[in-house]
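Each remark here refers to the structure printed beneath this line.
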Amino acid sequence: MAIRMHAALRRCTWLLALGWLTSLPATAALPEDPFRSPMWEYNLARYLGADAAVRHSDTVVIKTPPFAEDATQVPLTVDLSAFPHEIKEVITWVDLNPVPHLFTLRPEAAEIRTVALNFRIQQASTVRAAVRDEQGGWHVGSVHVEAAGGGCTAPSATASNPDWADSFGQVRGALFSPVGGVTGTRLKVQVMHPMDSGMVGNIPRFNIETLELRQTANQQRLASMALSESASENPLFVFDLEHDAQQSGILLLLRDNGGNLIESRMGI
Amino acid sequence: MTQSLPIGKLSRPLALTALALAISVHAHAVTFDDMLNDHLTTDQVVTNGMGLHGQRYSPLTTLNTDNVHQLRPVWAFSFGGEKQRGQESQPLVKDGVMYVTGSYSRMWAVDAYTGEQIWQYEARLPDGIMPCCDVINRGAAIYGDKVYFGTLDARLVALDRETGRVQWIKRVADYQEGHAITSAPIIIDGKLITGVAGGEFGVVGTVFAFDAETGDELWTRPVIEGHMGYVYENGEAVEHGITGGEAGLTWPGDMWQQGGGAPWLGGFYDVDTHSLLIGTGNPAPWNSHLRPGDNLYSSSRLAIDPDDGSIKWHFQATPNDGWDYDGVNEVISFDYEENGSVIKAAATADRNGFFYVLNRENGEFIRGFPFADKITWADGLDENGRPLFNPEGRPGNPADTEGERGEAVAAYPAFLGAKNWNPMAYSQDTGLFYIPSNEWMMDIWNEPVSYRKGAAYLGAGFTIRPANDDYIGVLRAVDPLTGEEVWRHENRAPLWGGVMSTAGNLIFTGTPEGYLKAFDATTGEELWGFNTGSGVVATPITWEMDGEQYVSVVSGWGGAVPLWGGEVAEVIKDFNQGGMLWTFKLPREYAQ
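The listed protein sequences derive, respectively, from chains R and L.
Just so we're aligned: the first sequence equals residues 1 to 268 in full-length UniProt numbering.
Just so we're aligned: the second sequence equals residues 1 to 592 in full-length UniProt numbering.
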């Protein structure tokens with residue numbers, strides 16, 4: 001087995017090198033990063049693919065505080081209300097975090113115009129949101145967040161609470177109607193979960209990896225989301241859905257890397 | 001729920017991808033046939049017990065009494081972290097990958113050739129877990145494309161063999177009541193079966209069966225008289241008979257409701273009778289004067305139908321147990337010839353100091369004899385295997401004395417048992433059982449007690465003392481037909497690791513002093529030893545890869561002795577903790 005493994009390793013390295021070479025022209029076509037982050041091209045290639053068509057867009061609006069008062073809990077809102085295309089996928093990352101990826105959101109039966117989630121920040125960093133349109137092109141919004149840092153490698157508050165298991169998996173949330181009579185639904189929900197990043201000594205990674213929103217009545221999937229270690233402890237999610245959930249309600253399904261399933265019914 | 005979402009186009013680290021690729025070429029689904037033949041197969045170990053009957057006998061002869069001195073380490077793997085504590089796990093080997101569990105409900109997949117880690121899983125445990133006897137784990141089960149083990153918060157976890165990703169996790173019992181799982185679960189024809197610990201907290205011992213693929217509950221069987229068993233049909237619990245027929249036959253009042261009997265060591269499987277052979281723990285509370293009667297089925301051996309959890313037969317070693325003589329010790333199926341006919345027997349060496357040979361078809365007592373040097377609680381066994389109690393050997397009833405405390409007695413063996421959890425082995429060549437046993441006694445007295453959820457429910461005080469000045473542990477070779485002790489090997493510290501026998505006429509076991517040792521199975525001569533750096537309280541395995549014979553054992557001192565051992569502390573107080581998986585082999589050039 002060991003011999004085979006090495007052969008496979010070598011082959012993979014070679015393929016990767018080839019991939020790198022052929023992707024050079026696409027890389028060269030990437031727009032300049034106004035924030036001049038050292039991770040700009042690397043993370044674009046990593047999360048969007050080496051030959052992704054990328055452009056900056058001021059319709060991908062990221063709202064964060066300019067300074068992260070609490071590096072373990074930084075509020076993030078991605079506002080796509082002005083985005084002129086259909087939204088196929090939203091990927092967010094924090095350039096200088098140890099695991100930069102924050103979430104990947106895929107709207108399915110419901111359009112999503114706003115998504116919010118608090119995140120950890122390890123040091124002052126650019127934060128990105130990339131939105132894929134129906135043509136496959138990526139529209140990237142960026143902001144810079146100042147931070148004292150350490151958010152990813154500080155023990156969670158949960159870790160010092162001996163009773164954490166009592167509130168583990170508790171879900172608090174509700175559906176709201178937007179003001180102004182617009183059709184649609186705002187889902188706001190907080191889940192009690194340590195979301196340990198695995199970067200604190202002797203505390204293994206323990207975090208929610210996937211989230212799904214389903215219509216309660218027919219189980220139709222409205223959206224799905226994948227989360228990484230940059231997501232904060234006891235994460236607070238907000239989704240503005242172009243979907244009338246008042247009739248049927250929404251089912252929230254979460255799964256963590258420990259195999260725990262958390263299920264909560266919103267609305268009806 | 002759903003398949004996990006790919007994270008954008010996030011690529012896996014290169015080495016991981018390549019490794020997963022290499023393994024998937026080799027990984028074959030583990031079938032029930034693999035397990036049924038595990039005792040005959042030499043290139044893998046896919047059951048706890050090296051065979052579903054738990055004989056721990058390998059037919060390999062490559063390594064033998066002539067060349068065992070050439071056995072040498074090839075790699076060692078650290079469990080890492082600060083979670084060093086007792087390591088009582090038996091590894092499994094399949095397709096060149098070793099699966100091993102460790103303290104604090106952790107598990108690793110390791111390349112069996114190199115010791116390189118493939119994946120690691122760490123259960124996130126609540127702070128309130130209540131394992132009575134250290135944060136240990138005794139091993140995994142493997143079936144299909146998954147590996148399984150139980151956690152200290154009484155859950156079962158199913159992991160993908162190749163990636164270590166959780167496939168499902170299932171709460172078996174409430175850890176806040178005192179439940180925990182430390183034993184290796186067993187798979188019988190697609191059913192994942194486990195017991196739970198917690199007899200010190202007055203839980204009701206129960207055996208649980210789940211669908212190994214989905215984690216769906218299949219049946220539950222409480223082992224204490226009066227409690228209802230259930231089978232699950234379409235997710236609904238359907239009553240399937242009260243254990244023991246009805247409540248109150250062998251228990252006074254409502255004492256059966258917190259009757260203990262935790263089957264915390266799991267069981268083995270006998271294919272001939274299609275039975276799960278499993279032992280039950282001490283009755284609760286320890287103070288036996290509060291529960292006159294036999295207290296079925298505490299401190300017993302049970303044959304359970306793995307299909308629906310029905311109890312086929314029982315054998316109670318210690319009725320009205322007042323000494324914490326759990327009856328959990330392994331029941332090993334073996335056949336022998338007598339007057340030209342084959343006897344389908346099962347043997348068990350009890351904590352109470354007696355060795356029992358039972359007919360495994362009906363549970364009838366064939367013979368029994370003491371294997372411990374001194375037993376004070378009983379004068380012997382009657383023709384049905386029932387103890388002839390010595391009234392002087394039972395701690396006094398607190399009601400008979402002034403004040404809270406009953407009269408103390410000096411009892412042999414101590415409550416940690418003439419033999420504890422650590423499994424013995426059977427050699428098909430010598431026909432002997434090799435028992436890792438201990439010579440110690442206790443002063444024990446009874447006190448009044450009442451039940452409170454999650455609190456210790458003992459009603460007894462105790463302290464353990466060594467029976468001899470110069471040794472506690474005794475590795476014994478015992479003839480199950482005559483009761484003769486063919487040889488013994490004495491050890492200064494108590495023996496707490498399991499035993500393995502091989503067709504190479506070898507017996508392996510570990511010592512708290514840190515050694516893995518090999519003995520001549522016939523004579524008991526010590527032939528080989530290697531100091532692993534911390535106490536060995538786990539069970540060794542052997543298998544072969546590419547024509548070479550390997551031996552593995554986990555090292556890491558801990559378990560119940562340092563927590564409960566009383567005066568034994570004098571002997572063991574300087575032993576250091578550990579967490580290391582050692583693998584040895586006989587290089588090809590020394591094989592004969």
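Every residue, glycine too, gets a C-beta built ideally from N, C-alpha and C.
At a CB-CB cut-off below 8 angstroms, which residues of chain L make contact with residue i?
{"i": "R:P162", "result": "D127, G128"}
Give the residues of chain R in contact with residue i, contact being defined as C-beta atoms less than 8 angstroms apart.
{"i": "L:A123", "result": "G258"}
{"i": "L:V166", "result": "N257, G258, G259"}
Comparing alpha-carbon positions, which option in the options lies nearest residue i?
{"i": "L:L563", "options": "L:F79, L:V135, L:F369", "result": "L:V135"}
{"i": "L:V486", "options": "L:M228, L:L159, L:L475", "result": "L:L475"}
{"i": "L:V561", "options": "L:W421, L:V204, L:A408", "result": "L:W421"}
{"i": "R:L254", "options": "R:F168, R:A217, R:D51", "result": "R:F168"}
{"i": "R:R46", "options": "R:D163, R:Q247, R:I91", "result": "R:I91"}
{"i": "L:A408", "options": "L:D66, L:G267, L:N397", "result": "L:N397"}
{"i": "L:A123", "options": "L:M98, L:L152, L:Y99", "result": "L:L152"}
{"i": "L:Q120", "options": "R:S264, R:A174, R:F206", "result": "R:F206"}
{"i": "R:L236", "options": "R:K188, R:Q247, R:F176, R:E263", "result": "R:K188"}
{"i": "R:A223", "options": "R:M199, R:L251, R:A217, R:D196", "result": "R:L251"}
{"i": "L:G190", "options": "L:V238, L:A154, L:D145", "result": "L:D145"}
{"i": "L:G266", "options": "L:T376, L:S427, L:G139, L:F530", "result": "L:G139"}
{"i": "L:P263", "options": "L:N234, L:G248, L:G202, L:G215", "result": "L:G202"}
{"i": "R:S125", "options": "R:E134, R:H144, R:V131, R:R132", "result": "R:H144"}
{"i": "L:P73", "options": "L:G578, L:E337, L:Y515, L:G524", "result": "L:Y515"}
{"i": "L:P587", "options": "L:L36, L:N37, L:N67, L:G49", "result": "L:N67"}
{"i": "L:P494", "options": "L:D479, L:F584, L:L156, L:K419", "result": "L:K419"}
{"i": "R:F239", "options": "R:R113, R:R172, R:A129, R:R106", "result": "R:R113"}
{"i": "L:K374", "options": "L:S437, L:D305, L:L92", "result": "L:S437"}
{"i": "R:D133", "options": "R:D70, R:P31, R:S57, R:T183", "result": "R:S57"}
{"i": "L:K170", "options": "R:H85, R:R55, R:T153, R:I262", "result": "R:I262"}
{"i": "R:S248", "options": "R:N218, R:G151, R:M195", "result": "R:N218"}
Of all the CB atoms in chain R, is at least one closer than 8 angstroms to the CB of residue i?
{"i": "L:G510", "result": "no"}
{"i": "L:V93", "result": "no"}
{"i": "L:E589", "result": "no"}
{"i": "L:K585", "result": "no"}
{"i": "L:E544", "result": "no"}
At a Cβ threshold of 8 angstroms, is residue i touching chain L?
{"i": "R:A148", "result": "no"}
{"i": "R:M1", "result": "Confidence in R:M1 is poor, its pLDDT being 38 and thus under 50, which makes the residue's placement unreliable; the coordinate value appears in the next sentence. Chain L contact via Cβ: present."}
{"i": "R:F109", "result": "Checking the sequence shown, residue 109 of chain R turns out to be Ala, not Phe. So, not an interface residue."}
{"i": "R:A165", "result": "yes"}
{"i": "R:S248", "result": "no"}
{"i": "R:R186", "result": "no"}
Under 9 angstroms between beta-carbons, which chain R residues line up against residue i? List them in chain order, please.
{"i": "L:E82", "result": "G201, N202"}
What residues in the segment 250–266 of chain R have a beta carbon less than 7 angstroms from any beta carbon of chain L? L253, R255, N257, G258, G259, N260, L261
Determine which residues of the segment 190–208 of chain R have a Cβ less than 7 angstroms from any Cβ of chain L, and write them out in chain order. N202, P204, F206
Threshold first: 3 residues or longer. Then list the beta strand (DSSP E) segments lying entirely within the segment 127–163 of chain L, N to C. 141–143, 146–150, 155–160
Length-filtered (4 minimum) alpha helix (DSSP H) runs lying within the segment 168–204 of chain R: none
Determine which residues of the segment 139–164 of chain L have a Cβ less than 7 angstroms from any Cβ of chain R, and write them out in chain order. V157
Runs of beta strand (DSSP E) wholly within the segment 250–304 of chain L (minimum 3 residues, chain order): 267–270, 275–279, 300–304
Looking at chain R, which residues of the segment 163–196 of chain L have a Cβ within less than 8 angstroms of any of its Cβ atoms? R165, V166, Q167, W168, I169
I'd like the ranges of any beta strand (DSSP E) spanning at least 3 consecutive residues and lying wholly in the UniProt domain "Ig-like SoxY" (46–152) of chain R. 54–56, 61–63, 77–79, 89–94, 101–107, 111–117, 125–132, 138–147
Considering only residues of the segment 463–529 of chain L, which uninterrupted beta strand (DSSP E) runs meet the minimum length of 3 residues and lie entirely inside it, listed in chain order? 473–478, 485–491, 499–502, 506–510, 515–520
Any chance you could list the beta strand (DSSP E) runs of at least 3 consecutive residues sitting entirely within the segment 414–452 of chain L, in chain order? 433–438, 440–446
List in chain order: all unbroken alpha helix (DSSP H) runs of 4+ residues lying wholly within the segment 540–591 of chain L. 561–564, 569–572
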